[in-house]
Every structure is written in C-alpha cells, then in structure tokens.
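Engineer: Numbering (my numbering), first residue to last: 2 to 382.
Backbone N, C-alpha and C fix where the C-beta goes; we use that ideal spot for every residue, glycine too.
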Ligand code: G3I
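Below is the structure:
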C-alpha cells in the first residue's frame, strides 16, 4: 500500500472515530440522578470534581479496604503519620507503616491526604516534653526537631502525597486563643508555648521546600464553623496573617465532627452558615475541605427517625461544600460504623455504638450515604 493510501486510510479512520460517540465505560455509565440514588460517592466525585474520602488505617480488614475502593477516590491517613506513631525516640523514625499505607493508596489510585506532621494535643511525640526540658535552649532544640521531622518525612514521599495536614488543631480546643496550660481536657500547645505562633509558618515553609508540589493544609477542629463564632473567626484571622506573611498555605481543613451536638454552638445549624464560612476562607486564597465528618447517632436519639435526622445533618454539610466553590473535598472519618474512633474515645465511648458513618457495620449504605451524594451533586460539573 503506497504512502499516500496509508495516510488517507489513517485520516479516514480518525474521522470515523471522531464521529462515533465514545463508547468508553465513562460514557456508558449513567449520570447520577440528582437524588444520588444508586450512585457511589466515587461516581459522585467524578461527576462533581469534589474528592470523596475516608480515613484509612493499616488495621482495616480486607472487607473494609474493599469498601474504600468501591466508594471513595481519596483517603486520609487516620494515625500512621502522627509523630507518636512514627518516632518512639528522638533519634528514630519508623517508616514501615507509612510506606505500606502510601504504597496501597497509590496502587489503588486514591488521592492521599497525609495527616499530620504537628499536633500538640494527642499522639504528639511522647519524648518531646522531656527532650525540651533537658535542652539548654528549648526553642532552638524544638526548631531543630521540627525541621528534621518535616524535612525527613515530607521529603521521603516527595511527589507521592497530594496533600499534607502540616498543622493539626493549632487553636485552643474551645475559644479563640491557644492552649497555654495543661488541663484535664487538653495539654498545652507545646509548639506555641515554646516558639510562639511562628512554628506554624516555619512548618509550612519547611514542607514546601521538601515537596514543592504537595498541597499544604492547616486542619482545625471547629465546632460551629460560622462567621461570628469566636473560634471560627480566630481561624479566619490566623489564615489571613499567614497569607499576609506569604506563608505557603494552600488549604484549610474543617474537621466537622458532630461530636457534642448537631447544631450551634457545637455544629453548623444551616447549609448557608457553613457555606458562608467556607466562602470567607476561600476569599483569603485557600481551598477548603471537610476533612473528618462524622455524626454521632445518639445525639439524634430524640428524633422520630434518628437515621433520617443523621442523613439530614450529613446533607447539610455536603450541600454547603457543593455550593461553596472553594470546597474541593469531603472526607468522612471512617468507613464502617464499626470503625469509628468515637466508640473507643473516652468522652464518647459511653454511648457506643455511636454509628456515626455512612456504611453500617456490615458495609451496607445508610440513609446518610445517599444524603451526602445528593448534597455533593448540587455542584454538577
Ligand atoms: O497503636 C496503639 C496500639 O498499639 C495500642 O494497643 C492501642 C491501645 O492502647 O492504642 C493504639 O493507639 C491508638 C490509635 O488511635 C490507633 O488505634 C491510640 O491509643 C488512640 O488514642 C488513637 O485514637 C485516634 C485519635 O485521633 C487520637 O489520636 C483515633 O484513631 C483517630 O480517629 C483520631 O482522629 C483525630 C484526628 O487525628 C484529628 N482530629 C480529631 C480526630 C478525633 O480525635
């Protein structure tokens, strides 16, 4: 066949393929109905561009990992990347668990949020307090330890982790300041009391240097994420200071644990109030993700249909994320009801099983599952 004939045949084939509607799987897959009925959150994520995620731990059973793959396109490490889990001494860092978790997430093509580099409240490095007490210059020693942790850990996974929770819950657990004293509810923020607020900027700059492509987030435990709520306003002010100082912060995580209540002051009461708050963060130049959403069912025990009431709370949050352009992801904090941290946490274990998630203990979708789908579909691509 001459060269001219071959070229013609090739052009004809290209023209034909262009005229034939794509028969890829995606084209065959029906679009989700607005109700979300029958749609996985993975498909909803594909149709909306909003990541749908869950917490991931190496302790998950094979069935739970199958649930992750079937229902989500993103994961957050629940505990593996915390300082206490990685460094049992000031001199050692054990990457075995995090290597396994990163490898699995990449193998399954799940966007990975690594949580978290610095968190003063729980699972901080158990040896840190003694290490600083013994140091002639505690501030210099802490700067050195933070630089070593951030540079080594972020650098090891350069190009493999899409998002880092660089700082977790820097603000006081209740109110607008910082935890400056040890109390029964929380230890002091040893990073803040030793270095001042500058530890936040330092950690972000070190992380950016270690992996210029990763998205760097500050993740906060807000209660009622609303303009006018003191802690919410303090977070807005903190982010504004960081942006003004040209700190490389790309995003803010709003955890959204409905742990103490499902309306103000413990949780956003309306879609509109949460959307306005996300918009306010977006105006500062950061993306926003709902990062640890769960809704304790016992909080709704007085409702005629608690599972329907739980679904309504979930839909409220998902709708706010869909309506606020800055919102790029929604993660629930666990796969099955039987996974939830709430059933072993001292303040909530008394009401176990708390059944806070989207899949029941057998992996069956609850009303809340479709409610999240319907809420997110409010932003159809
Ligand atoms: O790994 C040890 C294990 O060796 C030991 O046998 C067992 C019993 O003592 O404890 C295991 O560690 C537990 C760890 O979860 C792993 O299961 C810790 O005691 C326990 O405190 C830890 O709880 C985690 C909690 O953070 C505290 O760090 C929860 O799983 C996790 O879901 C929860 O997640 C946090 C986010 O990171 C930040 N936002 C709030 C959220 C809820 O507290």
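Using 10 angstroms around the beta-carbon of residue 359, count the other beta-carbons present and answer buried if the total reaches 16, otherwise exposed.
Structural biologist: Translated into positions along the chain shown, residue 359 becomes position 358. When all chains shown are included, residue 359 counts as buried.
Engineer: Unbroken beta strand (DSSP E) runs of length 3 or more, entirely within the region 85 to 137: which are they?
Structural biologist: Listed in chain order, the complete beta strand (DSSP E) runs (minimum 3 residues) inside the region 85 to 137 are 112 to 119.
Engineer: Quick one: what does DSSP say residue 199 is sitting in, helix, strand or coil?
Structural biologist: One-based indexing of the chain shown puts residue 199 at position 198. Reduced to three states, the DSSP call for residue 199 is helix.
Engineer: Three or more beta-carbon pairs under 8 Å between the region 122 to 135 and the region 65 to 78, yes or no?
Structural biologist: No: fewer than three Cβ pairs fall under 8 Å.
Engineer: Leaving out five residues before and five after residue 425 in sequence, what residues of the same chain have Cβ atoms less than 8 Å from its Cβ?
Structural biologist: The chain is shown from 2 up to 382; residue 425 falls before or after that span and cannot be answered.
Engineer: Ignore the nearest five residues each way along the sequence and tell me which others in residue 130's own chain have a CB closer than 8 Å to its CB.
Structural biologist: Translated into the one-based positions of the chain shown, residue 130 becomes position 129. Here the set comprises 191.
Engineer: Got a sec: is the Cβ-Cβ distance from residue 226 to anything in chain E below 8 Å?
Structural biologist: Structure shown: chain E not included; a single protein chain is present.
Engineer: Taking DSSP as the reference, what is the three-state secondary structure of residue 322?
Structural biologist: Taking the first residue of the chain shown as position 1, residue 322 is located at position 321. DSSP places residue 322 in helix when its eight states are reduced to three.
Engineer: Might you give, ordered along the chain, the residues of its own chain that have their beta carbon closer than 8 Å to the beta carbon of residue 101, omitting 5 neighbours on each side?
Structural biologist: In the chain shown, counting from the first residue as 1, residue 101 sits at position 100. Excluding sequence neighbours, residue 101 sits near 59.
Engineer: Name the DSSP bridge partner or partners of residue 166?
Structural biologist: Position 165 of the chain shown, counted from the first residue, corresponds to residue 166. Partner(s): 116 and 218.
Engineer: If you reduce the DSSP assignment to three classes, tell me which class residue 156 lands in.
Structural biologist: Numbered from its first residue, the chain shown carries residue 156 at position 155. Note: residue 156 maps to helix in three-state DSSP.
Engineer: Would you list the one or two residues that DSSP bridges to residue 73?
Structural biologist: In the chain shown, residue 73 corresponds to position 72, counting from 1. Per DSSP, none; premise fails for residue 73.
Engineer: Less than 6 Å between C-beta atoms, sequence neighbours within five positions excluded: which residues of the same chain meet that for residue 226?
Structural biologist: The residue you call residue 226 lines up with position 225 of the chain shown. Only 233, 255, 269, 275 and 278 meet the Cβ criterion.
Engineer: How big is the Cα-Cα spacing for residue 174 and residue 222?
Structural biologist: On the chain shown, residue 174 is found 173 positions in, with the first residue counted as 1. On the chain shown, residue 222 is found 221 positions in, with the first residue counted as 1. Straight-line Cα distance between these residues: approximately 7 Å.
Engineer: Please tell me whether, using a cut-off of 7 Å, the distance from the CB of residue 72 to the nearest non-hydrogen atom of the ligand G3I is below it.
Structural biologist: Taking the chain shown and counting its residues from 1, one reaches residue 72 at position 71. Residue 72: no, Cβ never under 7 Å from the ligand G3I.
Engineer: Check whether the region 238 to 250 and the region 297 to 306 are in contact - that is, three or more C-beta pairs closer than 8 Å.
Structural biologist: Flag = no, the region 238 to 250 and the region 297 to 306 do not touch.
Engineer: Tell whether a beta-carbon distance below 8 Å holds between residue 106 and residue 113.
Structural biologist: Counted from its first residue, the chain shown places residue 106 at position 105. Counted from its first residue, the chain shown places residue 113 at position 112. The answer is yes: Cβ separation under 8 Å.
Engineer: Between residue 306 and the ligand G3I, is there a pair consisting of the residue's CB and a ligand heavy atom that are separated by less than 7 Å?
Structural biologist: Looking up residue 306 in the chain shown gives position 305. Answer for residue 306: no, Cβ out of range of the ligand G3I.
Engineer: Rounded to whole angstroms, what is the Cα-Cα separation between residue 51 and residue 206?
Structural biologist: Position 50 of the chain shown, counted from the first residue, corresponds to residue 51. Position 205 of the chain shown, counted from the first residue, corresponds to residue 206. Approximately 27 Å, taken between the alpha carbons.
Engineer: Answer yes or no: do residue 283 and residue 246 have a C-beta to C-beta separation smaller than 8 Å?
Structural biologist: In the chain shown, the residue the question calls residue 283 occupies position 282. In the chain shown, the residue the question calls residue 246 occupies position 245. The answer is no: Cβ separation not under 8 Å.
Engineer: Any heavy atom of the ligand G3I closer than 7 Å to the Cβ of residue 342?
Structural biologist: Along the chain shown, read from residue 1 onward, the residue named residue 342 stands at position 341. Flag set: Cβ of residue 342 near the ligand G3I.
Engineer: Specify the secondary structure class of residue 23 as computed by DSSP and reduced to three states.
Structural biologist: Taking the chain shown and counting its residues from 1, the one referred to as residue 23 is at position 22. Low local confidence applies: a pLDDT of 40 at residue 23 is under 50, so the model's placement there is unreliable, with the coordinate-based value given in what follows. Note: residue 23 maps to coil in three-state DSSP.
Engineer: For the structure I just gave you, are there three or more beta carbon pairs, one from the region 213 to 221 and one from the region 167 to 187, closer than 8 Å?
Structural biologist: Cβ pair count under 8 Å is three or more, so yes.
Engineer: Decide if the region 305 to 321 is in contact with the region 92 to 100; the criterion is three or more beta carbon pairs, one per stretch, under 8 Å apart.
Structural biologist: With the cut-off at 8 Å, the region 305 to 321 and the region 92 to 100 do not touch.
Engineer: Closer than 8 Å by C-beta to residue 346: which residues in its own chain qualify, once you throw out the five before and the five after it? Chain order, please.
Structural biologist: Translated into positions along the chain shown, residue 346 becomes position 345. For residue 346, where only same-chain residues beyond five positions count, there are no Cβ hits under 8 Å.
Engineer: Between which two residues does the alpha helix (DSSP H) holding residue 279 run?
Structural biologist: Taking the chain shown and counting its residues from 1, one reaches residue 279 at position 278. That run of the alpha helix (DSSP H) goes 272 to 284.
Engineer: Using only the alpha-carbon positions, how far apart do residue 374 and residue 368 sit?
Structural biologist: Taking the chain shown and counting its residues from 1, one reaches residue 374 at position 373. Taking the chain shown and counting its residues from 1, one reaches residue 368 at position 367. Roughly 10 Å separates the two Cα atoms.
Engineer: Give the straight-line distance between the Cα atoms of residue 44 and residue 33, rounded to the nearest whole angstrom.
Structural biologist: The residue given as residue 44 occupies position 43 in the chain shown. The residue given as residue 33 occupies position 32 in the chain shown. C-alpha separation (whole angstroms): 8 Å.
Engineer: Heavy atom of the ligand G3I less than 7 Å from the Cβ of residue 56, yes or no?
Structural biologist: Mapped onto the chain shown, residue 56 falls at position 55. It does: the Cβ of residue 56 is within 7 Å (strictly closer) of some heavy atom of the ligand G3I.
Engineer: Have a look at residue 189 and residue 38 and give me their C-alpha separation to the nearest angstrom.
Structural biologist: Counting from one through the chain shown, the residue named residue 189 turns up at place 188. Counting from one through the chain shown, the residue named residue 38 turns up at place 37. Roughly 46 Å separates the two Cα atoms.
Engineer: Below 8 Å on the Cβ atoms is my guess for residue 357 versus residue 280; work out the distance and round it to an integer in Å.
Structural biologist: As a first step, residue 357 must be located in the chain shown, where it is residue number 356. As a first step, residue 280 must be located in the chain shown, where it is residue number 279. So it is not a contact: roughly 27 Å between Cβ atoms.
Engineer: Let me make sure I understand the geometry here. Which of 134, 215 and 195 has the alpha-carbon closest to that of residue 151?
Structural biologist: As a first step, residue 151 is located in the chain shown; it is residue number 150 there, counting from the start. It is 215 whose Cα lies nearest to the Cα of residue 151.
Engineer: Distance check for residue 315 and residue 56, CA to CA, integer angstroms please.
Structural biologist: Position 55 of the chain shown, counted from the first residue, corresponds to residue 56. Position 314 of the chain shown, counted from the first residue, corresponds to residue 315. Each residue's alpha carbon lies about 16 Å from the other.
Engineer: Three-state secondary structure (DSSP) at residue 66?
Structural biologist: As a first step, residue 66 must be located in the chain shown, where it is residue number 65. In the structure shown, residue 66 sits in a helix (DSSP, three-state: H, G or I).
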